[in-house]
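Undergrad: I am attaching a structure below and will ask some questions about it afterwards.
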Amino acid sequence: MRPLSASPLKDLETRARSAEIMARARALFPGGVNSPVRAFRGVGGEPIVAARGEGARIWDVDGKEYIDFVLSWGPLVLGHASPIVLDALERTMAEGTSFGMPTELEVQLGELIRARMPHVEMMRFVSSGTEATMSAVRLARAFTGRDAILKFEGCYHGHADSFLARAGSGVATLGLPDSPGVPAALASLTLTAPFNDLDAAKGLVKRTKRGIAAIIVEPIVGNSGFIPPDRGFLEGLRALADNAGALLIFDEVMTGFRIAPGGARERFGVTADLTTLGKVIGGGLPVALYGGRRDVMERIAPLGPVYQAGTLSGNPLAMAAGLATLSTLTAALHTKIEKRTAALVKGLQKIGVDLGVPLEAGHAGSMWGFFFTEKPVRNFADAKASDLELFRRFFRAALDRGVYLAPSPFEACFMSAAHGDDEVGTALERMREALEDAIA
Ligand code: PLP
Numbered sequence: 051m052r053p054l055s056a057s058p059l060k061d062l063e064t065r066a067r068s069a070e071i072m073a074r075a076r077a078l079f080p081g082g083v084n085s086p087v088r089a090f091r092g093v094g095g096e097p098i099v100a101a102r103g104e105g106a107r108i109w110d111v112d113g114k115e116y117i118d119f120v121l122s123w124g125p126l127v128l129g130h131a132s133p134i135v136l137d138a139l140e141r142t143m144a145e146g147t148s149f150g151m152p153t154e155l156e157v158q159l160g161e162l163i164r165a166r167m168p169h170v171e172m173m174r175f176v177s178s179g180t181e182a183t184m185s186a187v188r189l190a191r192a193f194t195g196r197d198a199i200l201k202f203e204g205c206y207h208g209h210a211d212s213f214l215a216r217a218g219s220g221v222a223t224l225g226l227p228d229s230p231g232v233p234a235a236l237a238s239l240t241l242t243a244p245f246n247d248l249d250a251a252k253g254l255v256k257r258t259k260r261g262i263a264a265i266i267v268e269p270i271v272g273n274s275g276f277i278p279p280d281r282g283f284l285e286g287l288r289a290l291a292d293n294a295g296a297l298l299i300f301d302e303v304m305t306g307f308r309i310a311p312g313g314a315r316e317r318f319g320v321t322a323d324l325t326t327l328g329k330v331i332g333g334g335l336p337v338a339l340y341g342g343r344r345d346v347m348e349r350i351a352p353l354g355p356v357y358q359a360g361t362l363s364g365n366p367l368a369m370a371a372g373l374a375t376l377s378t379l380t381a382a383l384h385t386k387i388e389k390r391t392a393a394l395v396k397g398l399q400k401i402g403v404d405l406g407v408p409l410e411a412g413h414a415g416s417m418w419g420f421f422f423t424e425k426p427v428r429n430f431a432d433a434k435a436s437d438l439e440l441f442r443r444f445f446r447a448a449l450d451r452g453v454y455l456a457p458s459p460f461e462a463c464f465m466s467a468a469h470g471d472d473e474v475g476t477a478l479e480r481m482r483e484a485l486e487d488a489i490a
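Start counting the sequence shown at 51; every next residue gets the next number (this note's numbering).
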């Protein structure tokens with residue numbers, strides 16, 4: 051395939067329609083986007099504007115084709131425009147698009163999720179991961195009667211005020227350490243420790259006189275790039291929460307139905323009190339949930355006093371897409387996707403070795419990532435110390451060759467059931483050329 055120049059000027063020539071649409075978008079939306087990382091600030095150049103997707107591939111408005119490893123930031127575990135999901139949507143849509151009333155679809159999806167994650171005894175559907183984590187923390191505060199929470203640097207839990215402290219990915223990509231507009235009084239209730247540093251977490255909990263309501267963590271970090279927990283870290287957090295009388299919240303918005311069929315509990319044998327899910331459970335439509343221990347969830351209105359509501363929560367189309375996706379994502383299919391992900395990651399590691407480029411790549415289930423670095427990445431500081439400039443050059447060279455990776459060194463990538471051996475092989479060939487180009 052003919053490599054294209056990575057210069058923004060060349061971008062404008064070859065992606066003329068994308069550039070024209072982005073120019074109009076910039077007059078409407080801050081930075082031309084409706085979510086910051088889409089603006090490509092972390093990698094430079096013009097964003098590509100999506101026209102359509104099918105299976106493992108997307109096409110931009112200029113007709114260029116890409117093998118997609120972003121998959122709408124994780125939800126599309128069956129790939130783009132999965133006929134299974136589209137059929138379910140079509141059938142459901144014919145009956146109406148929203149009722150604001152209970153439906154059987156919500157019950158079916160809820161039962162399916164609880165069957166895979168039995169510790170999610172009771173749950174509440176919402177429409178975004180931000181809503182899920184924000185509500186889970188409100189609930190934890192109400193349940194414990196305490197205000198402070200502990201989170202980890204580089205973990206992103208959505209954009210609610212309490213979480214915009216050292217929040218990884220989007221915030222880091224833009225170089226904003228924190229967000230203006232977050233009241234100092236609220237920010238002071240969010241304590242942050244480095245990921246994988248149990249002693250730092252213990253120290254913070256010990257020093258917090260009024261106690262901690264919750265410890266919230268991404269069990270595998272996906273928002274500082276892909277960073278797995280050290281052996282014993284999650285177990286340590288479980289014990290720390292128990293000793294402190296705090297709730298342990300696993301934010302599985304990204305890891306849920308990606309790192310194992312039953313999520314972090316299955317993969318690590320550690321059970322959270324509350325779990326947040328999103329992305330995959332909506333199969334590409336806006337769905338998330340928070341759930342967990344029945345005695346805690348029973349505090350939610352109307353059963354209990356903790357208020358949380360949503361006009362479109364449990365929307366039938368979203369439920370149908372989630373149900374179709376999760377019913378198809380059997381344990382066997384999960385294993386199949388995991389194997390292909392392992393092959394991709396192994397291939398990428400080999401490219402690094404062959405070209406003499408220090409590269410750390412890893413995966414869990416169908417979630418994967420890499421850093422250009424010589425030493426293992428255990429936390430956000432390590433991630434930031436990796437070669438970010440090389441990442442940018444590699445990203446753009448890969449994009450020009452039709453491989454769409456997450457447009458930030460601080461984001462994880464994904465695989466879908468639609469990524470076959472062909473896509474893996476082709477992507478690896480193109481990534482080899484891209485890395486050769488990036489180091490030339
Ligand atoms: N939690 C985690 C772990 C996430 O990765 C994200 C989004 O990427 C969120 C929460 C927020 O979800 P949403 O973007 O749906 O609000």
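Every residue gets a Cβ at the ideal spot worked out from N, C-alpha and C, and that includes glycine.
Sorted by chain position, which residues of the same chain lie with C-beta nearer than 6 angstroms to D247's C-beta, five sequence neighbours on each side aside?
TA: If you number the sequence shown from 1, residue 247 lands on position 197. Hits under 6 angstroms: none found.
Undergrad: Tell me whether the segment 390-403 and the segment 470-484 touch, counting them as touching only if at least three CB pairs, one residue from each stretch, are closer than 8 angstroms.
TA: As far as the Cβ criterion goes, the segment 390-403 touches the segment 470-484, which means the pair count is three or higher.
Undergrad: Got a sec? Which residues, its chain only, sit under 8 angstroms from T183 by beta carbon, not counting five neighbours each side?
TA: What you label residue 183 is simply residue 133 of the sequence shown in a count that begins at 1. Answer for T183: H207, G208, A210, F213, I266, I299, D301, V303, T326 and Y340, listed in chain order.
Undergrad: Can you tell which of S377, R260, R451 and H384 has the C-alpha that lies nearest to the C-alpha of M317?
TA: By one-based count along the sequence shown, residue 317 stands at place 267. Note on identity: in this sequence residue 317 is Arg, with Met being the wrong assignment. The residue with the shortest Cα to Cα distance from R317 is H384.
Undergrad: Which two residues bound the contiguous alpha helix (DSSP H) that contains V303?
TA: Residue 303 sits at position 253 when you count from the first residue of the sequence shown. No alpha helix (DSSP H) contains V303, which DSSP labels as neither H nor E.
Undergrad: Is it buried or exposed for L324, if we count other Cβ within 10 angstroms and need 16 for buried?
TA: Translated into positions along the sequence shown, residue 324 becomes position 274. Classification for L324: buried.
Undergrad: So which residues touch the region around the ligand PLP, with touch meaning a C-beta under 6 angstroms from any heavy atom?
TA: Cβ-based neighbours of the ligand PLP within the cut-off: W123, S178, G179, T180, T183, Y206, H207, G208, E268, G272, N273, D301, V303, M304, G328 and A338.
Undergrad: For M143, name the three-state secondary structure that DSSP assigns.
TA: The residue given as residue 143 occupies position 93 in the sequence shown. Three-state result, M143: helix.
Undergrad: Pull up the CB-CB distance for A338 and V176, whole angstroms please, since I reckon it's below 8 angstroms.
TA: Along the sequence shown, read from residue 1 onward, the residue named residue 338 stands at position 288. Along the sequence shown, read from residue 1 onward, the residue named residue 176 stands at position 126. That pair is a contact at about 5 angstroms.
Undergrad: Compute the beta-carbon to beta-carbon distance between A431 and P125, rounded to the nearest angstrom, for a pair I have assumed lies under 8 angstroms.
TA: Within the sequence shown, residue 431 is the residue found at index 381, counting from 1. Within the sequence shown, residue 125 is the residue found at index 75, counting from 1. That pair is no contact at about 29 angstroms.
Undergrad: On a Cα-Cα basis, can you pick out the residue from H130, G81 and Y116 that is closest to G103?
TA: Indexing the sequence shown from 1 puts residue 103 at position 53. Ranking H130, G81 and Y116 by Cα distance to G103 puts H130 first.
Undergrad: Would you mind sorting E424 into buried or exposed? The rule is 16 or more other CB atoms within 10 Å of its CB.
TA: By one-based count along the sequence shown, residue 424 stands at place 374. With fewer than 16 other Cβ atoms within 10 Å, it is exposed.
Undergrad: Quick test of your reading: A392 and L128, contact by CB under 8 angstroms. State the CB separation rounded to the nearest angstrom.
TA: By one-based count along the sequence shown, residue 392 stands at place 342. By one-based count along the sequence shown, residue 128 stands at place 78. No, A392 and L128 are not in contact; Cβ-Cβ is about 19 angstroms, not under 8 angstroms.
Undergrad: Which value, in whole angstroms, describes the spacing of the CA atoms of A69 and R442?
TA: Numbered from 1 along the sequence shown, position 19 holds the residue referred to as residue 69. Numbered from 1 along the sequence shown, position 392 holds the residue referred to as residue 442. Their Cα atoms are separated by approximately 20 angstroms.
Undergrad: Could I get the ranges of all uninterrupted beta strand (DSSP E) runs contained in the segment 241-328, with 3 residues as the minimum, in chain order?
TA: You should have 262-267, 297-302 and 324-327.
Undergrad: Alpha carbon to alpha carbon, how far is D345 from L287? Give it in angstroms, no decimals.
TA: By one-based count along the sequence shown, residue 287 stands at place 237. By one-based count along the sequence shown, residue 345 stands at place 295. L287 and D345: Cα-Cα distance of roughly 21 angstroms.
Undergrad: Could you give the residue range of the beta strand (DSSP E) that holds H469?
TA: Within the sequence shown, residue 469 is the residue found at index 419, counting from 1. First-last for H469: undefined, no H or E at that position.
Undergrad: Near G179, which residues of its chain fall below 6 angstroms by C-beta distance, leaving aside the five closest residues on each side in sequence?
TA: What you label residue 179 is simply residue 129 of the sequence shown in a count that begins at 1. The residues are G208, V303, G328 and A338.
Undergrad: For L373 and L159, which I take to be in contact (beta-carbon distance under 8 angstroms), what is that distance rounded to the nearest angstrom?
TA: Position 323 of the sequence shown, counting from 1, holds the residue named residue 373. Position 109 of the sequence shown, counting from 1, holds the residue named residue 159. The pair is a contact, with the Cβ atoms about 5 angstroms apart (cut-off 8 angstroms).
Undergrad: Using CA coordinates, which residue listed in F422, G354 and R166 is at the minimum distance from T380?
TA: For the purposes of this step, residue 380 is taken as the residue at position 330 of the sequence shown. Minimum Cα distance to T380 is reached at R166.
Undergrad: Please return the same chain residues whose Cβ sits closer than 8 angstroms to the Cβ of P174, not counting the five positions on each side in sequence.
TA: What you label residue 174 is simply residue 124 of the sequence shown in a count that begins at 1. Correcting the residue type first, residue 174 is Arg in the shown sequence and not Pro. Excluding positions up to five away in sequence, the list reads S185, L339, Y340, G341, M347, I350, Q358 and S363.
Undergrad: Residue ranges of each beta strand (DSSP E) run of no fewer than 3 residues wholly in the segment 174-222, ordered along the chain?
TA: Segments of the beta strand (DSSP E) lying fully in the segment 174-222: 198-202.
Undergrad: Give me the residue from M172, K114 and A75 with the minimum Cα distance to G452.
TA: Indexing the sequence shown from 1 puts residue 452 at position 402. Comparing Cα-Cα distances from G452 to each of M172, K114 and A75, the minimum goes to K114.
Undergrad: I'd like to check one pair, A433 with G275: are the Cβ atoms closer than 8 angstroms?
TA: Along the sequence shown, read from residue 1 onward, the residue named residue 275 stands at position 225. Along the sequence shown, read from residue 1 onward, the residue named residue 433 stands at position 383. Cβ distance < 8 angstroms, so G275 and A433 count as in contact.
Undergrad: What span of residues does the alpha helix (DSSP H) with I163 cover, start to end?
TA: In the sequence shown, the residue the question calls residue 163 occupies position 113. Taken as a continuous stretch (DSSP letters only), the alpha helix (DSSP H) holding I163 covers E154 to R166.
Undergrad: Ignore the nearest five residues each way along the sequence and tell me which others in V83's own chain have a CB closer than 6 angstroms to its CB.
TA: Here residue 83 corresponds to residue number 33 of the sequence shown, with the count starting at 1. Excluding sequence neighbours, V83 sits near A89.
Undergrad: Using CA coordinates, which residue listed in A488, P459 and M143 is at the minimum distance from W418?
TA: As a first step, residue 418 must be located in the sequence shown, where it is residue number 368. Of A488, P459 and M143, the residue nearest in Cα terms is P459.
Undergrad: Using the C-alpha atoms, what's the distance from K252 back to E473?
TA: Along the sequence shown, read from residue 1 onward, the residue named residue 473 stands at position 423. Along the sequence shown, read from residue 1 onward, the residue named residue 252 stands at position 202. Between E473 and K252, the C-alpha separation is close to 45 angstroms.
Undergrad: From A144 to G150, what does the alpha carbon distance come to, in whole angstroms?
TA: The residue given as residue 144 occupies position 94 in the sequence shown. The residue given as residue 150 occupies position 100 in the sequence shown. Computed Cα separation, rounded: 17 angstroms.
Undergrad: With a Cβ-Cβ cutoff of 8 angstroms, do A289 and R191 count as a contact?
TA: In the sequence shown, counting from the first residue as 1, residue 289 sits at position 239. In the sequence shown, counting from the first residue as 1, residue 191 sits at position 141. No, Cβ-Cβ distance for A289 and R191 is not below 8 angstroms.
Undergrad: With respect to the beta strand (DSSP E) encompassing H413, which residues constitute its N-terminal and C-terminal limits?
TA: For the purposes of this step, residue 413 is identified with residue 363 of the sequence shown, where counting begins at 1. Here the beta strand (DSSP E) through H413 covers E410 to A414.
Undergrad: Within 10 angstroms of the Cβ of P80, are there 16 or more other Cβ atoms? Answer buried if so, exposed if not.
TA: In the sequence shown, counting from the first residue as 1, residue 80 sits at position 30. It counts as exposed.
Undergrad: If you run the structure through DSSP and keep just helix, strand and coil, what is F444?
TA: For the purposes of this step, residue 444 is taken as residue 394 along the sequence shown, with counting starting at 1. Helix, per DSSP.
Undergrad: When burial is assigned at 16 or more other CB atoms within 10 Å of the CB, is P168 buried or exposed?
TA: Indexing the sequence shown from 1 puts residue 168 at position 118. Flag for P168 reads exposed.
Undergrad: Quick check on G272: buried or exposed, where buried means 16 or more other Cβ atoms within 10 Å of its Cβ?
TA: Residue 272 sits at position 222 when you count from the first residue of the sequence shown. Answer is buried; the Cβ neighbour count reaches 16.
Undergrad: Residues in the same chain with beta-carbon distance under 7 angstroms from L485, minus the five sequence neighbours each way, listed in chain order, please.
TA: The residue given as residue 485 occupies position 435 in the sequence shown. For L485, where only same-chain residues beyond five positions count, the Cβ hits under 7 angstroms are I401, L405, V407 and F444.
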